[in-house]
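**Student:** Chains as they are written, first to last, in my numbering: chain A, 4 to 152; chain B, 4 to 152. All C-beta atoms, glycine included, are put in the ideal place defined by N, C-alpha and C.
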DNA sequence: TATTGTTATACTCTATAACTATA
DNA sequence: TATAGTTATAGAGTATAACAATA
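1) Using beta-carbon positions only, say whether residue 131/A and residue 128/B come within less than 9 Å of one another.
2) For residue 59/B, count neighbouring C-beta atoms within 10 Å of its own C-beta (all shown protein chains included) and say buried if the count is 16 or more, exposed if not.
3) Using a Cβ-Cβ distance under 9 Å, would residue 3/B count as near chain A?
4) Compare the Cα-Cα distances from residue 14/B to each of 145/A, 147/A, 140/A, 151/A and report the closest residue.
5) Just to confirm the assignment, what range does the beta strand (DSSP E) spanning residue 84/B have?
6) In the DSSP assignment, find the beta strand (DSSP E) that holds residue 105/B and state where it starts and stops.
7) Measure the alpha-carbon distance for residue 91/A versus residue 69/A and round it to whole angstroms.
8) Since residue 89/A is in the beta strand (DSSP E), which residue starts that stretch and which ends it?
9) Quick one: what does DSSP say residue 126/A is sitting in, helix, strand or coil?
10) Give the DSSP-derived three-state secondary structure of residue 96/A in the structure shown.
11) Is the Cβ of residue 128/A closer than 9 Å to any Cβ of chain B?
12) With DSSP as the reference, identify every bridge partner of residue 59/A, one or two as the case may be.
13) To the nearest whole angstrom, what separates the beta carbons of residue 88/B and residue 106/B, a pair I think is in contact under 8 Å?
14) By the criterion of Cβ-Cβ separation under 9 Å, what are the contact partners of residue 104/B in chain A?
15) What is the DSSP secondary structure of residue 67/B, reduced to helix, strand or coil?
16) Between the Cα of residue 37/B and those of 134/B, 135/B, 124/B, spot the shortest distance and give me the residue it belongs to.
17) Among 97/A, 133/A, 145/A, whose alpha-carbon lies nearest the alpha-carbon of residue 133/B?
18) Between the C-alpha atoms of residue 18/A and residue 100/B, what's the straight-line distance to the nearest angstrom?
19) The alpha helix (DSSP H) with residue 151/A in it runs from where to where?
20) Mark residue 126/A as exposed unless 16 or more other C-beta atoms lie within 10 angstroms of its C-beta, in which case mark it buried.
21) Give the range of the alpha helix (DSSP H) segment to which residue 132/A is assigned.
22) Is it right to say residue 16/A is buried, meaning 16 or more other beta carbons lie within 10 angstroms of its own, or is it exposed?
23) Report, in whole angstroms, the separation of the C-beta atoms of residue 23/B and residue 121/A, which I expect to be a contact under 8 Å.
24) Which chain A residues are close to residue 32/B, counting only those with a beta carbon under 8 Å from its beta carbon?
25) Could you list which residues in chain A have their beta carbon closer than 7 Å to that of residue 19/B, in chain order?
26) So, at 6 Å on beta carbons, what are the nonlocal neighbours of residue 66/A in its own chain, with the 5 sequence-adjacent residues on each side left out?
27) Between residue 138/A and residue 142/B, how many whole angstroms is the CB-CB distance? I'm expecting something under 8 Å.
28) Using a Cβ-Cβ cut-off of 9 Å, state whether residue 16/A counts as contacting chain B.
29) Let me make sure I understand the geometry here. Which of 29/A, 49/A, 33/A has the alpha-carbon closest to that of residue 117/A?
Structure (structure tokens):
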């Protein structure tokens, strides 16, 4: 059980507020770090990220995930297909549905983005003291739990 | 100097990656918690946030801040003015410029949003153990430094 | 003459409604 | 008959170009 050695900064109310502002600020900066070989819209980036996690999704699933109506998702996917980022294929059993998958190019792009962001974060981390990095190392899994649904 | 008592989870590379994913995930959830009495577009929300920090900005400043062209910002501000969220007034010395400020209603809305998000975070924090909260208490100022430009 | 904001116009993106194919 | 996706059409938002007022 860790002793509270460093400064006891905040009450429980203050802690929420401090975490809110720093998390939002940091995320904005992380989001800014990306490789835009194609210049993607916000929704296209969202589709890319969703498919990166779930591997294959139908048009309908993508539409609800991105909070967009089906006709709009049809268009978004068509544009991304022309850009060589996704591919359509028929659903295994239900011939009404269309399954959308990432192309190799899209996978490369996603990996490049993650790498870019990690590199940026690593240079920021290098500017901290070893003690501060230790604190973050312990905090990382807690933040992970906090971010879990 | 704090002893490393808890699990030593990650290498420096892994730390960046873990922080990236948890920060992004957490920020998405925080952003989702908001009071939408008026239903605002992303850009309107951006203007609201910018004016919340800087108090008064010209059309041009808002345009560059929101990465939008001046004619678009003219339109956005006009819509928000009709919605009673902002007010225009002439610049003190330079009569070409227009200064935009938040109305009282907008200030209330911003405060309500912050409160809503903090409440949501507090209920999430309550589900952690006291030890985990201590870790976050120590991590908060470090995250603050990390998020600083 | 340069700069700030606005107006006019064209383009892109999204939503609603109607349509096709499949369950 | 209901559901998944697409097509057609209309509305909202943005950008480029042209303009008015001020520096």
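**Tutor:** Let me lay it out:
1) no
2) exposed
3) Residue numbering for chain B in the displayed model covers 4 to 152; residue 3/B lies beyond these limits and cannot be assessed.
4) 140/A
5) Note, residue 84/B: premise wrong, no beta strand (DSSP E); alpha helix (DSSP H) at 73-85.
6) 101-105
7) 18 Å
8) 89-93
9) helix
10) coil
11) yes
12) 104/A
13) 6 Å
14) Within 9 Å Cβ-Cβ: nothing; residue 104/B doesn't reach chain A, min ~22 Å.
15) helix
16) 124/B
17) 145/A
18) 40 Å
19) From DSSP, residue 151/A is part of no alpha helix (DSSP H); its letter is neither H nor E.
20) exposed
21) No alpha helix (DSSP H) holds residue 132/A; DSSP gives it neither H nor E.
22) exposed
23) 6 Å
24) 150, 152
25) 121, 124, 125, 128
26) 73, 76
27) 5 Å
28) yes
29) 33/A
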